[in-house]
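> One structure follows; several queries about it will come next.
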Amino acid sequence: VAVAAVCLLVVVGSGTYALSSPADVGGEAGASDDELEAALRGAADANRTLIVSVLNKAYAEEGGLLDLFIESLKQGEGTGHLIGHVLLVAMDEPAFRRCSGLGGVRCYLLPPAAATNSTNLSSEQLYMSGGFIRMMWRRIRLLGDILKHGYSFIFTDMDVMWLRNPFPSLNRTEEEDLLISTDGFKGRPEDYLGHELNTRFFFVAASNRTAAMFDEWHAAREASEGMKEQDVLNQMKQQGAFRRLGVRVRVLDTARFSGFCQDSQDARQVATVHANCCRTMRAKVADLKAVLGAAKQLNGTTGRLKWPRHSACLGSWR
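Last residue of the sequence shown: 318 in UniProt numbering, with the numbers rising by one and none dropped.
Below you can see the structure in the form of structure tokens.
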């Protein structure tokens with residue numbers, strides 16, 4: 001798996017992937033492991049690696065985060081060919097219908113049985129609300145299932161804009177199992193204990209080690225009421241879970257994998273931008289539109305870019 005993932009970096013970096021033909025994309029309504037396997041196989045490259053994001057009805061509203069995410073992939077530097085390897089996982093029927101109707105993207109409906117709680121999660125889930133926390137845990141179970149099917153993946157939040165192909169910036173060697181974002185990079189990527197890990201964007205190589213880690217991570221929710229999955233992962237890190245399970249971790253540089261809380265000083269280096277430090281979806285959409293507009297002006301130039309002020313997100317906490 002490690003060797004295959006290294007090959008992916010070379011292939012993607014050279015831009016040799018072609019976008020899947022319309023006949024090869026569309027929707028899979030999930031009801032069994034067989035249907036999940038079919039969706040994964042359809043999105044994965046020859047090395048069993050894909051890109052995964054999760055959405056609900058609120059994310060899928062016209063002009064919302066789903067549209068911006070797809071726009072960023074189409075507009076980004078060297079990202080257009082990656083769309084054929086994206087699997088968009090819908091948590092509800094309205095999101096699945098909207099996703100399937102876009103054309104040119106692959107969508108999968110997460111079956112209700114995959115949820116840890118049957119509460120409807122279609123509406124906007126405000127940060128740290130009960131619904132938000134349940135939604136985060138639901139996706140951890142899904143991602144663990146993907147690893148058990150033998151697929152490696154990048155997971156990306158839908159409020160992460162892809163400004164350029166991130167694969168070369170991962171700089172992955174065959175030694176690492178998990179490459180993960182942080183809220184404040186301190187210059188030593190191997191020092192994961194000294195960083196606060198952020199689950200907005202990460203790469204995981206499929207192995208027994210990483211599958212066991214996701215099982216343990218998901219199981220920890222039972223003793224972590226009121227905590228989001230990211231906080232539990234950081235707790236597991238401090239308790240030595242990565243070392244005990246043999247999971248090799250490296251932290252990603254915020255100069256390339258940035259967020260609203262920590263804008264990169266040089267926009268020409270940035271691969272992805274996350275709308276963190278932002279409470280509402282309306283605010284995220286407003287400020288991410290401004291980011292995409294600014295990035296579009298930068299493409300093809302050598303000049304420096306001044307990021308737009310994230311005014312809507314700053315105001316969302318009032």
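We put the CB at the ideal spot given by N, CA and C, even for glycine.
Since this is a predicted model, take the numbers as computed values, not measurements.
Mark W317 as exposed unless 16 or more other C-beta atoms lie within 10 angstroms of its C-beta, in which case mark it buried.
Flag for W317 reads exposed.
> Express the C-alpha separation of V291 and P308 in angstroms, rounding to a whole number.
Looking at the two C-alpha atoms, the distance is approximately 7 angstroms.
> Assuming C251 contacts M213 under a Cβ cut-off of 8 angstroms, what Cβ separation, rounded to an integer in Å, is found between them?
The sequence given here places Val at residue 251; Cys does not occur at that position. With 8 angstroms as the limit, V251 and M213 do not qualify as a contact, their Cβ atoms being about 16 angstroms apart.
> At the 8 angstroms Cβ level, is L245 part of the contact set with chain D, yes or no?
The structure shown has no chain D; it contains just one protein chain.
> I need the DSSP call for M213, collapsed to helix, strand or coil.
In the structure shown, M213 sits in a helix (DSSP, three-state: H, G or I).
> Exposed or buried, G184, counting other C-beta atoms within 10 Å across all chains shown (16 or more means buried)?
Classification of G184: exposed, given that the 10 Å Cβ count is below 16.
> Comparing alpha-carbon positions, which option in D215, F257, L163, F242 lies nearest D145?
D145 has its Cα closest to that of D215, out of D215, F257, L163, F242.
> If distances are taken between C-alpha atoms only, which option among N171, A219, A220 comes closest to P189?
Among N171, A219, A220, the Cα nearest to that of P189 belongs to N171.
> Residue range of the alpha helix (DSSP H) that C313 falls in?
Here the alpha helix (DSSP H) through C313 covers 311 to 315.
> Given this structure, state the Cα-to-Cα distance separating T156 from I51, to the nearest angstrom.
Cα-Cα distance, rounded: 7 angstroms.
> Excluding sequence positions up to five away, which residues of its chain have a Cβ less than 8 angstroms from the Cβ of G64?
If we look at G64 and ignore the five residues flanking it on each side, its Cβ neighbours are A58, M281, V285.
> Give the C-beta separation of C99 and L73 to the nearest angstrom, bearing in mind that I take them to be a contact with Cβ-Cβ under 8 angstroms.
Contact flag wrong, Cβ pair sits at about 14 angstroms.
> Quick check: the Cα distance between G194 and N234, rounded to an integer number of angstroms?
Approximately 10 angstroms, taken between the alpha carbons.
> Compare the C-alpha of T49 against each of L40, N56, L55 and name the closest.
The residue with the shortest Cα to Cα distance from T49 is L40.
> In its own chain, which residues sit with a C-beta less than 6 angstroms from the C-beta of R139, not counting the 5 before and 5 after it?
Excluding positions up to five away in sequence, the list reads V54.
> Looking only at its own chain, which residues have a Cβ that is under 8 angstroms from the Cβ of Q238, when we skip the five neighbours before and after it?
Closer than 8 angstroms at the Cβ level, and outside the excluded window around Q238, lie L193.
> Please work out which residues of its chain come closer than 6 angstroms, Cβ to Cβ, to M136, disregarding the five sequence neighbours upstream and downstream, and give them in chain order.
Result list for M136: K228, E229, in chain order.
> Which residue marks the beginning of the alpha helix (DSSP H) containing A95, and which one marks its end?
That run of the alpha helix (DSSP H) goes 93 to 102.
> Would you list, in sequence order, the uninterrupted beta strand (DSSP E) runs of no fewer than 3 residues that lie entirely inside the stretch 25 to 90?
Runs of the beta strand (DSSP E) inside the stretch 25 to 90: 27 to 29, 49 to 55, 86 to 90.
> What's the C-alpha gap between R106 and C313?
For R106 and C313, the distance between alpha carbons rounds to 30 angstroms.
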